[in-house]
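Notes follow the structure.
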Amino acid sequence: MKIKIYIKELLFNNQGVVIPGLGGFVSEYEPAAFDVSKNKFLPPSKKITFNQEYSYHDTLLIDFVAKKEKIDTEQSKKLIDEFVKDTKHKLRKGEKVEFQEIGTLWQTRAQIHFEQNKESNLLTDSFGLKSVKANQPAPEVKKPPIKQKKSYKKPIIISSMLLVIAIGIATTWYFSDGFSDCNFMAISQQEDQEKADNKLKQITERKLDSIAKADSLKAIIVHSIDNNTDKKDALFYEEPAEQEIKPTYSQFHIIAGSFKKMANAEKFSNELRNKGYNPQIIKSEENLIRIAIYSYTDETEALKQLYKLRESSEIKSVWILKSN
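Here it is in structure tokens:
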């Protein structure tokens with residue numbers, strides 16, 4: 064049914080979509096992160112949740128379906144009502160209802176549960192970006208020591224080595240006048256000391272490096288980006304097929320309600336004033352009357368206020384309207 068497709072399209076450009084009689088999908092921005100369990104860099108995305116309490120009447124989906132199907136709002140409402148009825152019937156039967164690229168709904172008793180599809184990304188700014196697996200050096204596997212078989216030839220070999228050493232010492236004594244000139248021995252000792260110092264330094268550096276990598280996730284990420292990962296992939300960048308000019312917005316309104324009749328809009332505005340808000344009526348090109356309770360010129364500030372309202376206020380079904 065195309066209703067699912069229309070819901071997905073609305074989630075691309077809206078913070079939430081209410082399905083009257085069923086519930087509502089709500090989205091929240093999630094920044095880029097590093098998934099330690101999967102060893103992947105994840106691009107920015109939208110976290111999608113479902114709340115069956117958001118089943119009140121809202122015209123966003125109805126108007127969108129009417130526009131897409133080129134029908135009036137009454138016919139659009141009937142299509143959505145049939146979709147909700149069919150979905151509820153499947154959930155009561157114990158079936159799972161999948162919303163493509165959004166997630167899956169299922170029901171236990173009277174409670175509807177939702178699991179988001181983590182493979183898709185509904186954030187418009189991250190469209191086309193993929194997760195990137197970090198290239199980390201594989202840990203060294205220590206091999207168990209190999210047991211050596213006893214050999215009865217060992218005493219004979221040791222005796223032979225001692226004999227050769229004794230002959231060498233005697234020869235050196237003879238040609239160096241009883242080791243009177245021992246510079247060559249001093250040089251040999253100095254070289255041995257330098258080798259020992261270098262080996263100790265290498266062991267220390269390896270230990271420090273392993274501690275840094277184990278204690279700091281940042282060290283692993285920096286190592287992967289600087290040495291093993293292509294720069295474009297590391298920054299979650301993918302060259303688009305065609306460059307699209309994104310629209311720029313100067314106003315960001317937090318909308319608390321949408322109406323078709325001015326009388327209903329004014330009634331709702333009066334209720335908001337009694338609660339301490341200063342509502343503003345905004346008319347759209349689709350002949351809808353929007354009620355804005357806050358307006359900002361900075362999108363980040365608007366998002367902060369939106370999440371604050373959803374968490375602590377009694378007005379939770381709010382969303383952001385962008386305008387030039």
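Under the working numbering, the first residue of the sequence shown is numbered 64, with each subsequent residue one higher. The beta-carbon is built from N, C-alpha and C at its ideal position, and this holds for glycine as well.
- Under a 10 Å Cβ-count criterion, phenylalanine 75 is classified as exposed, with fewer than 16 other Cβ atoms of the shown protein chains found around its own Cβ.
- In the structure shown, the three-state DSSP call for arginine 172 is coil.
- For leucine 154, the enclosing alpha helix (DSSP H) begins and ends at 136-155.
- Taken through DSSP and simplified to helix, strand or coil, isoleucine 344 comes out as strand.
- DSSP places glutamate 377 outside both helix and strand once states are collapsed to three, so it counts as coil.
- For isoleucine 66, the uninterrupted alpha helix (DSSP H) run begins and ends at 65-76, by DSSP.
- Per the Cβ contact rule, the segment 104-121 is in contact with the segment 77-85 (3 or more Cβ pairs under 8 Å).
- DSSP, reduced to helix, strand and coil, places tyrosine 370 within a helical segment of the structure shown.
- In this structure, the beta-carbon distance from valine 128 to isoleucine 68 does not fall below 8 Å.
- Put simply, the backbone Cα of glutamate 348 is about 34 Å away from that of proline 106.
- Between the C-alpha atoms of leucine 154 and asparagine 180 there is a straight-line separation of about 18 Å.
- Under DSSP, the beta-bridge partners assigned to glutamate 178 are Thr167.
- Isoleucine 352 is positioned such that its CB atom lies closer than 8 Å to that of phenylalanine 322.
- Going by C-alpha positions, tyrosine 312 is about 30 Å away from serine 139.
- In this structure, the CA atom of glutamate 362 is about 12 Å from the CA atom of tyrosine 92.
- Going by DSSP, lysine 330 is part of the alpha helix (DSSP H) stretching over 325-337.
- Taking C-alpha positions only, glutamate 72 is separated from glycine 157 by approximately 27 Å.
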